[in-house]
Amino acid sequence: MRENRVPKECPLLAKKDFAKTGKKGDHISIIERTNGIIFTTWLDNSVVTVASNCYGISPMNQVKRYSRKDKKHIQVSRPFVIGEYNSGMGGTDLMDGGVNCYRIGIRSKKWWWCIFTWLIDVSIVNAWIIQRKSGKAISQLDFRREIVNVYLTRYGNAPKRAGRPSTSKNSITLNRISDDLRYDRQDHLLVEIPEKKKRRCAGEGCCSIIRTMCKKCNVGLCLPCNYIFHTK
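Going by this note's numbering, the first residue of the sequence shown is number 2, and it counts up by one from there.
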């Protein structure tokens, strides 16, 4: 809950001050006697405040968190009410938590920019949640990287390198093709390589030097290898 939603008769330490003075796993709990509501603030990656009329801080449990200071995972204490809240988080809470993990940090003076970047973040996080439910376990960071790779492959221009272009198989690895792009079965057309240049076929076990390429994946492929290359 937001800091300004806490009643004045339950003075919790300000989030900014708590984040500066506390360490990961610290908590503060205050009971509002009139209605029997317990307000709990817990320091995780950020300061979290929850209110409950049926759960308190006991029994405390341990959770694994990554410590930037120690550069390793450590065990930190977590109030019982936080664990119960996490187990019953709804879709909106999951989305907000995902957005806060990797929020777009590009700034602009335009008034609409924060709305635009928020919509992009929400779309990415919701797509990531749907993908995880489909059975493919992937972190949000890797999911965002996949999206970037797909768009760079489709619409980006590879930097020109000085010297004679290589035709070795090692040059194929420079074009990191996303699996989503490679196996989407759409518009993988063989075209002639521009300027009548040659490439080594990217097909597994094929050593042919060819003049054709997949226009979408931007890799050299001969006709027999084209179907195999784009099929799982």
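Even glycine gets a Cβ: it sits at the ideal position worked out from N, Cα and C.
ask   = For residue 212, does the three-state DSSP call read helix, strand or coil?
value = In the structure shown, residue 212 sits in coil (DSSP, three-state: anything other than H, G, I, E or B).
request  = Quick one: grab the DSSP three-state call for residue 174.
outcome  = Its pLDDT being 42, under 50, residue 174 is placed unreliably by the model, and nothing is read from it.
request  = State the CB to CB distance for the pair residue 218 and residue 182, rounded to an integer number of angstroms; the pair is presumed to be in contact (CB under 8 Å).
outcome  = The Cβ separation is near 7 Å, so the contact holds.
ask   = Got a sec? Which residues, its chain only, sit under 8 Å from residue 97 by beta carbon, not counting five neighbours each side?
value = Taken in chain order, the list of residues that qualify is empty.
message = Residues in the same chain with beta-carbon distance under 7 Å from residue 145, minus the five sequence neighbours each way, listed in chain order, please.
response = Listed in chain order, the non-local C-beta contacts of residue 145 below 7 Å within the same chain comprise 103, 125, local neighbours out to five positions each way being set aside.
query = Where does residue 221 sit, in a helix, a strand or coil, going by DSSP?
reply = If DSSP states are grouped into helix, strand and coil, residue 221 belongs with the strands.
ask   = Rounded to whole angstroms, how far is the Cβ of residue 221 from the Cβ of residue 202, which I believe are closer than 8 Å?
value = For a cut-off of 8 Å, the C-beta gap from residue 221 to residue 202 is around 6 Å, short enough to register as a contact.
request  = Taking residue 28 as the reference, give the member of 13, 38, 3 with the closest Cα.
outcome  = When the alpha-carbon of residue 28 is set against those of 13, 38, 3, the nearest one is in 13.
query = If you draw a straight line from the C-alpha of residue 54 to the C-alpha of residue 8, how long is it?
reply = Here the alpha carbons of residue 8 and residue 54 stand approximately 14 Å from one another.
message = Tell me whether the region 74–85 and the region 40–48 touch, counting them as touching only if at least three CB pairs, one residue from each stretch, are closer than 8 Å.
response = Here the region 74–85 lies against the region 40–48, with 3 or more beta-carbon pairs under 8 Å apart.
request  = State the Cα-Cα distance for the pair residue 231 and residue 216, rounded to the nearest angstrom.
outcome  = Distance between the alpha carbons of residue 231 and residue 216: 13 Å.
request  = From the DSSP output, in three-state form, read off residue 85 for me.
outcome  = In the three-state scheme derived from DSSP, where H, G and I count as helix and E and B as strand, residue 85 is classed as helix.
query = Can you tell which of 110, 204, 150, 200 has its C-alpha closest to the C-alpha of residue 180?
reply = Comparing Cα-Cα distances from residue 180 to each of 110, 204, 150, 200, the minimum goes to 150.
message = Spatial neighbours of residue 24 within its chain, please: C-beta separation below 8 Å, excluding the five flanking residues on both sides.
response = Residues of the same chain with a CB within less than 8 Å of the CB of residue 24, apart from the 5 flanking positions on each side, are 44 in chain order.
task = Return helix, strand or coil for residue 75, following the three-state DSSP convention.
result = Collapsing the DSSP output to three states places residue 75 in a strand.
request  = Could you round the C-beta distance between residue 75 and residue 30 to whole angstroms and report it? I think they count as a contact, below 8 Å.
outcome  = Contact doesn't hold; Cβ gap of about 22 Å is too wide.
ask   = What number of angstroms, rounded off, separates the C-alpha of residue 194 from the C-alpha of residue 141?
value = Going by the C-alpha atoms only, they are around 36 Å apart.
ask   = Could you give the distance in angstroms between the alpha-carbon of residue 199 and the alpha-carbon of residue 224?
value = A direct Cα-Cα distance of roughly 15 Å separates residue 199 from residue 224.
key: residue 44, DSSP secondary structure in three states   = Residue state for residue 44 is assigned as strand, using DSSP reduced to three classes.
message = Please classify residue 94 as buried or exposed, where buried requires at least 16 other C-beta atoms within 10 Å of its C-beta.
response = Residue 94 should be labelled exposed.
inquiry  = For residue 196 and residue 210, what's the separation of their Cα atoms in angstroms?
reply    = Approximately 15 Å, taken between the alpha carbons.
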